[in-house]
Amino acid sequence: MEFYKLLCFLVVLVFMILISSYFLLEEPRYTIKWSKQVALKEMPTTQITTKLPTIPKPPIKRELPLILIWNPKCIPNQNYLYEMDRGTANYPPLSHNFKCGYTNCKFTSDRKLEANASTIIFWIHKVCPMDGWPQHRREEQNYMMFTIESTSETIPYYNRTMLTDTWFNTTVNYRIDSTVFMPNDALTRITKDTPKEDIWDKEEILEIVKGKTKLAFQAVSHCNAESDRDLLTKKIKEYIEVDVVGHCNGVGCNGDCKNREMKNHFFYLAFENSVCPNYVTEKFWNALRIPTVPVVITRSVFTGMDVPKNAFIALDDFNSVKELVEYMKDLRNNTEKYLRHFEWTKTYTKRHYGYNHSPKCRICEVATKMFEEKTKSVIDLNKFWNLKGCKNNLVKDFLNKG
Numbered sequence: 004m005e006f007y008k009l010l011c012f013l014v015v016l017v018f019m020i021l022i023s024s025y026f027l028l029e030e031p032r033y034t035i036k037w038s039k040q041v042a043l044k045e046m047p048t049t050q051i052t053t054k055l056p057t058i059p060k061p062p063i064k065r066e067l068p069l070i071l072i073w074n075p076k077c078i079p080n081q082n083y084l085y086e087m088d089r090g091t092a093n094y095p096p097l098s099h100n101f102k103c104g105y106t107n108c109k110f111t112s113d114r115k116l117e118a119n120a121s122t123i124i125f126w127i128h129k130v131c132p133m134d135g136w137p138q139h140r141r142e143e144q145n146y147m148m149f150t151i152e153s154t155s156e157t158i159p160y161y162n163r164t165m166l167t168d169t170w171f172n173t174t175v176n177y178r179i180d181s182t183v184f185m186p187n188d189a190l191t192r193i194t195k196d197t198p199k200e201d202i203w204d205k206e207e208i209l210e211i212v213k214g215k216t217k218l219a220f221q222a223v224s225h226c227n228a229e230s231d232r233d234l235l236t237k238k239i240k241e242y243i244e245v246d247v248v249g250h251c252n253g254v255g256c257n258g259d260c261k262n263r264e265m266k267n268h269f270f271y272l273a274f275e276n277s278v279c280p281n282y283v284t285e286k287f288w289n290a291l292r293i294p295t296v297p298v299v300i301t302r303s304v305f306t307g308m309d310v311p312k313n314a315f316i317a318l319d320d321f322n323s324v325k326e327l328v329e330y331m332k333d334l335r336n337n338t339e340k341y342l343r344h345f346e347w348t349k350t351y352t353k354r355h356y357g358y359n360h361s362p363k364c365r366i367c368e369v370a371t372k373m374f375e376e377k378t379k380s381v382i383d384l385n386k387f388w389n390l391k392g393c394k395n396n397l398v399k400d401f402l403n404k405g
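Residue 4 is where the sequence shown starts when you use the working numbering, and the numbers rise one by one after that.
Written as structure tokens, this is what we have:
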């Protein structure tokens with residue numbers, strides 16, 4: 004019996020093998036022919052989308068812009084971070100509302116890091132000649148000129164074989180066309196957010212004007228200036244009395260003393276040591292803060308600046324010094340006419356421009372953008388910082404014409 008079972012099993016197995024072989028060896032009866040003219044996008048497809056879990060990328064470790072202060076000894080008190088943050092030491096503290104969007108820069112005065120610095124700042128001033136120059140300048144490095152002095156008080160005192168016309172890439176100073184605008188001060192327009200205490204009151208101005216008893220005041224510490232302002236003051240004193248204080252006159256007078264005197268005088272002789280584009284120092288701005296009416300050498304230095312024409316008077320508004328003096332005397336005796344020079348107080352605030360401005364923040368912004376974007380510019384000193392732009396002969400020429 005067992006023998007027959009085994010035999011049946013073998014017969015079935017052989018039969019199945021034969022059937023399988025037939026289908027494997029026989030050519031298929033049906034074929035699918037693909038047309039070359041059928042575009043792949045026309046074929047029906049089935050898309051299965053699986054949303055995979057998001058794996059956070061590791062943070063990219065980036066270098067921060069390194070800013071090297073090349074000659075910090077030239078900066079007052081060597082406090083270069085404060086000077087760059089405030090522009091000048093006369094600026095009040097930053098407003099609590101001010102927020103700097105660029106705080107990623109590293110500042111150093113270590114010259115050993117010259118090769119690593121993306122920006123190198125050079126403080127330019129006649130009393131601070133360079134005690135050395137960078138040895139190996141990388142092509143992408145940003146050389147930045149930093150100064151609050153005029154052209155005639157800076158460039159002539161440097162070795163121009165080193166400090167060439169294309170030495171600097173960017174600038175930081177008081178000129179409105181500088182890369183980073185850093186004025187000694189500026190007027191700030193009144194807005195809806197201006198605090199009431201920062202707005203001049205009409206009665207307040209009238210009270211200050213009524214308190215003035217003397218005609219002209221001047222404070223001078225820089226003697227024999229290139230602008231020849233001493234010659235101009237001497238000529239003015241031939242017609243009126245001018246109260247002069249400061250080192251050049253041997254009469255001491257501190258900041259509070261100067262403010263009291265300006266408040267007590269109708270005019271302040273705000274003659275600068277140089278007559279160069281946009282070079283307007285605290286002499287002028289402090290007079291407006293008192294307020295009194297500043298007298299300047301020429302209006303041309305204010306070109307492009309937001310300063311009302313009637314906020315001051317200028318020598319070149321007149322044909323002679325005598326004519327200037329007669330106008331000053333006329334204003335002293337005509338309150339209504341004198342008050343026209345305070346019309347600007349209706350539009351501008353009392354407070355200094357610096358309270359909401361940080362050159363240091365802008366320096367970091369410029370350094371960061373140049374560092375990240377690998378961009379580069381070149382300042383042509385022969386055009387931007389040219390002595391020909393200064394008018395230091397203006398006073399002599401004016402006096403000589405009679």
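All residues carry an ideal CB built from backbone N, CA and C; glycine is no exception. Quick caveat: nothing in here was measured; it's all calculated off a predicted structure.
Leaving out the 5 sequence neighbours to the left and right, which residues in its chain are closer than 8 Å to residue i when beta-carbon positions are compared?
i	result
Gly104	Cys364 and Glu368
Leu234	Val398, Lys399 and Leu402
By how many angstroms is the C-alpha of residue j removed from the C-alpha of residue i?
i	j	result
Lys332	Gly307	30 Å
Cys393	Thr371	33 Å
Glu200	Phe287	22 Å
Ser75	Trp126	Checking the sequence, you will find Pro at residue 75 rather than Ser. Cα to Cα, Pro75 sits roughly 7 Å from Trp126.
Pro198	Asp134	47 Å
Asn322	Val298	15 Å
Thr338	Ala120	58 Å
Pro159	Glu264	35 Å
Thr284	Ser153	10 Å
Cys256	Arg232	19 Å
Arg140	Leu97	35 Å
Val248	Ile193	34 Å
Pro311	Ala219	21 Å
Arg302	Glu241	24 Å
Pro280	Trp388	10 Å
His355	Pro186	11 Å
Lys115	Leu71	10 Å
Asn100	Lys238	48 Å
So, with DSSP's three-state summary, where would you put residue i?
i	result
Asn313	helix
Asn395	coil
Arg114	helix
Arg163	coil
Phe125	strand
Val304	helix
Leu190	coil
Tyr468	No answer is possible for residue 468: it lies beyond the span of the chain, which begins at 4 and ends at 405.
Lys76	helix
Ile218	First, the residue type needs correcting, since residue 218 is Leu and not Ile in the sequence shown. Leu218: strand per DSSP, three-state reduction.
Phe401	helix
Phe184	strand
Leu84	helix
Arg140	coil
Ser155	helix
Leu97	coil
Tyr356	helix
Glu275	coil
Cys226	coil
Residue range of the beta strand (DSSP E) that residue i falls in?
i	result
Met147	Asn145 to Phe149
Ile239	From DSSP, Ile239 is part of no beta strand (DSSP E) but of the alpha helix (DSSP H) over Arg232 to Ile239.
Phe287	No beta strand (DSSP E) contains Phe287, which is instead part of the alpha helix (DSSP H) from Glu285 to Arg292.
Leu69	Leu69 to Ile72
Tyr330	Tyr330 -> not in any beta strand (DSSP E); alpha helix (DSSP H) instead, spanning Val324 to Arg335.
Leu272	His268 to Leu272
On the DSSP letters alone, give me the boundaries of the alpha helix (DSSP H) that residue i sits inside.
i	result
Val369	Pro362 to Glu376
Val212	Lys205 to Lys213
Lys386	Leu384 to Phe387
Leu342	Thr338 to Leu342
In terms of DSSP beta bridges, what is residue i paired with?
i	result
Val299	Ala317
Thr174	Met148
Gly249	Val254
Tyr351	Arg192
Lys109	Leu69
Kindly list the residues whose CB is nearer than 6 Å to the CB of residue i, restricted to its own chain and excluding five residues on each side of it in sequence; keep chain order.
i	result
Lys266	Ile293
Val169	A small fix is needed here, since residue 169 is Thr in this sequence, not Val. Only Val381 meet the Cβ criterion.
Cys251	Val223 and Cys226
Tyr341	Leu334
Trp136	Met165
Asp88	Ser361 and Lys363
Tyr271	Phe220, Met265, Ala290, Thr295 and Pro297
Looking only at its chain, what residues have a beta carbon closer than 7 Å to the beta carbon of residue i, apart from the 5 residues adjacent to it on each side?
i	result
Thr157	Ile127, His128, Lys129 and Thr150
Ser181	Thr174 and Val175
Tyr282	Ser153, Tyr177, Glu275 and Val304
Trp203	Thr348 and Lys353
Measure from the C-beta of residue i to each C-beta in chain C and report whether the shortest distance is under 7 Å.
i	result
Pro68	In the structure shown, chain C does not exist; there is a single protein chain.
If you measure from the CB of residue i, is any heavy atom of the ligand FAD nearer than 6 Å?
i	result
Val398	Here there are no bound small molecules, and the ligand FAD is not part of this structure.
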